[in-house]
Structures are given as C-alpha cells and as structure tokens.
Amino acid sequence: EADIYQTPRYLVIGTGKKITLECSQTMGHDKMYWYQQDPGMELHLIHYSYGVNSTEKGDLSSESTVSRIRTEHFPLTLESARPSHTSQYLCASLTGLFGGELFFGEGSRLTVL
Amino acid sequence: AQRVTQPEKLLSVFKGAPVELKCNYSYSGSPELFWYVQYSRQRLQLLLRHISRESIKGFTADLNKGETSFHLKKPFAQEEDSAMYYCALSPYSGSARQLTFGSGTQLTVLP
Chain A
4 EADIYQTPRY LVIGTGKKIT LECSQTMGHD KMYWYQQDPG MELHLIHYSY GVNSTEKGDL
64 SSESTVSRIR TEHFPLTLES ARPSHTSQYL CASLTGLFGG ELFFGEGSRL TVL
Chain B
399 AQRVTQPEKL LSVFKGAPVE LKCNYSYSGS PELFWYVQYS RQRLQLLLRH ISRESIKGFT
459 ADLNKGETSF HLKKPFAQEE DSAMYYCALS PYSGSARQLT FGSGTQLTVL P
C-alpha cells in the first residue's frame with residue numbers, strides 16, 4: 004500500500020545518545036522533506052532531498068543529519084541528543100505537481116531527558 | 399520574505415453553525431495556497447488547494463489577492479470537523495522547499 008512509514012512513533016532517550024528516525028515511502032517520490040514541529044507552532048523545514056544522493060538543509064538550523072541512499076528511504080540522525088531536540092519530527096514526500104502538495108508520515112515524537 | 403498568519407490559535411463553534419478559519423499571507427508574487435488538517439491521532443493531510451477551486455468535506459476557501467487572505471469556510475460545522483488546521487503558502491516551483499506554514503488553528507465543534 005502506498006504510504007510513508009515513520010519509526011519509531013515515540014522515543015524517550017537520555018542525553019548524549021545517538022538516534023535515528025526512520026522514514027520510508029513506497030510511492031517512488033523523488034522529493035522528500037523533514038519538518039520539526041513544536042506544540043502550537045508552525046512546521047519548520049529542517050532537511051530536504053530531491054533524489055538519491057541529494058540532501059540540503061532547510062530554513063531551521065538543526066544539528067541533525069540526513070541521508071538518501073535509496074529513493075524510498077530518508078533517515079534522520081542525531082549523533083548526540085540533547086533536551087533541546089525534544090520535538091515532533093514529520094517526514095513528507097511531494098505528491099503533486101505543486102510545491103504545496105505533501106503527503107506526511109504519522110510523525111516521530113522525540114523526548115530527550 | 400513570505401509569511402502566513404493564522405490569527406486564531408483556538409476557535410470554538412456549535413454544531414450547525416458557520417465556521418471561518420482565517421488565513422492571511424504576505425508574498426510579493428502569485429502564491430499557491432493550501433489548507434492542511436490534522437484530526438486527533440491522525441497524520442497531517444492536505445485538505446484543499448486554491449488552484450483546484452474544490453469543496454472538500456463541505457469546506458471551501460477563496461483566494462482574495464486584494465486582502466491577501468485565504469480563509470477556510472464551512473456553512474454548517476459538524477463535530478467531526480474538530481481538528482487542527484494549517485494554512486500554507488508556496489511559490490509555484492514544483493518543490494516544497496519554500497513552503498511556509500502558519501501556526502495553526504485548533505477548531506472545536508461543540509455538540
């Protein structure tokens with residue numbers, strides 16, 4: 004079934020741990036995006052990719068990194084998590100011709116203690 | 399720089415009443431505008447786009463370039479409309495690189 008899968012959905016970890024948030028889509032979309040969202044706030048773009056081996060940073064500065072080795076897979080990694088990284092992370096792919104037609108995953112809620 | 403403003407963080411209406419969620423934008427070119435919705439425990443999803451001039455779940459939105467607004471309207475609200483609504487703007491580019499979201503409005507439809 005065509006979808007975007009994000010794992011884990013919820014993660015609570017201690018400071019200093021390395022974490023990877025997984026994002027996989029089965030729709031063959033080239034353009035993928037990571038957003039960060041705090042409660043009651045706008046979504047902020049932190050990373051995007053236009054295809055395999057293409058990754059760029061978004062407008063919101065983030066200490067995370069991403070990779071795009073396969074079209075369907077766009078993981079986000081934090082080498083050393085801190086409490087300031089506590090947030091909801093949303094993965095999305097561009098589903099239409101227009102720049103605003105995104106298909107989102109269910110999100111990964113990260114809490115760093 | 400482009401900007402999207404949703405002036406109401408919270409909005410409550412009674413079932414059957416009309417509802418309007420406000421969205422104002424600033425952008426120097428011709429924007430593409432969208433409304434996204436997130437129901438409780440569900441993912442964020444596209445509700446409608448202005449270029450399609452469509453009505454989805456009874457909701458419509460008209461782009462008013464003079465007032466730089468893209469308000470979302472429904473004549474008779476239903477309890478299942480309770481959700482978080484986000485307005486978003488994009489230059490026509492075929493990429494979401496410049497997609498800007500508002501901060502959202504939590505709509506509650508009371509019985």
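Order-wise, the sequence lines are chains A and B. Going by my numbering, the first sequence opens with residue 4, and the numbers climb by one from there. Going by my numbering, the second sequence opens with residue 399, and the numbers climb by one from there. From the three backbone atoms N, C-alpha and C, an ideal C-beta is built for every residue, glycine too.
Flag residue i as yes if its beta-carbon sits less than 8 Å from any beta-carbon of chain B, otherwise no.
i      : result
G110/A : yes
M30/A  : no
L81/A  : no
L14/A  : no
G103/A : yes
L46/A  : yes
L93/A  : yes
L171/A : Limits of chain A in this structure are 4 at one end and 116 at the other, which puts residue 171/A out of reach.
G54/A  : no
Y51/A  : yes
K60/A  : no
G2/A   : Beyond the ends of chain A as shown, which are 4 and 116, falls residue 2/A; an answer cannot be given.
Y8/A   : no
Could one say the Cβ of residue i lies closer than 8 Å to chain A's Cβ atoms, at least one of them?
i      : result
R447/B : yes
E452/B : no
P457/B : The displayed chain sequence assigns Phe, not Pro, to residue 457/B. Not closer than 8 Å to any Cβ of chain A, the Cβ of F457/B fails to qualify, so no.
K407/B : yes
A481/B : no
Q400/B : no
F432/B : yes
Q443/B : yes
F468/B : no
F412/B : no
Output the boundary residues of the beta strand (DSSP E) element that contains residue i.
i      : result
F106/A : L105 to F107
R447/B : Q443 to R447
T503/B : T503 to L508
Q28/A  : I22 to Q28
G54/A  : L46 to G54
Y13/A  : Y13 to I16
T10/A  : I7 to T10
P429/B : P429 to Q436
V91/A  : Per the sequence shown, residue 91/A should be read as Gln rather than Val. Where Q91/A is concerned, the enclosing beta strand (DSSP E) stretches over S90 to L97.
L497/B : L497/B -> no beta strand (DSSP E), and no H or E assigned at all.
Considering only DSSP beta bridges, list what residue i is partnered with.
i      : result
L461/B : Looking at the DSSP assignment, L461/B forms no beta bridge with any residue, so it has no partner.
K472/B : V417/B
T68/A  : T80/A
E59/A  : Y51/A
P489/B : P429/B
S410/B : T506/B
Taking all protein chains shown into account, decide if residue i is buried (16 or more other Cβ within 10 angstroms of its Cβ) or exposed.
i      : result
P429/B : buried
L24/A  : buried
Y437/B : exposed
L48/A  : buried
G31/A  : exposed
E45/A  : buried
Q476/B : exposed
A481/B : buried
T506/B : exposed
K34/A  : buried
Since residue i and residue j should fall inside the 8 Å C-beta cutoff, what is the C-beta to C-beta distance between them, to a whole number of angstroms?
i      : j      : result
K455/B : V417/B : About 12 Å separates the two Cβ atoms, so there is no contact after all.
G54/A  : R441/B : In fact, because the Cβ distance is near 24 Å, the residues do not count as touching under 8 Å.
Y484/B : F499/B : 5 Å
L97/A  : L105/A : 6 Å
L461/B : W433/B : With a Cβ gap of about 11 Å, L461/B and W433/B do not count as contacting.
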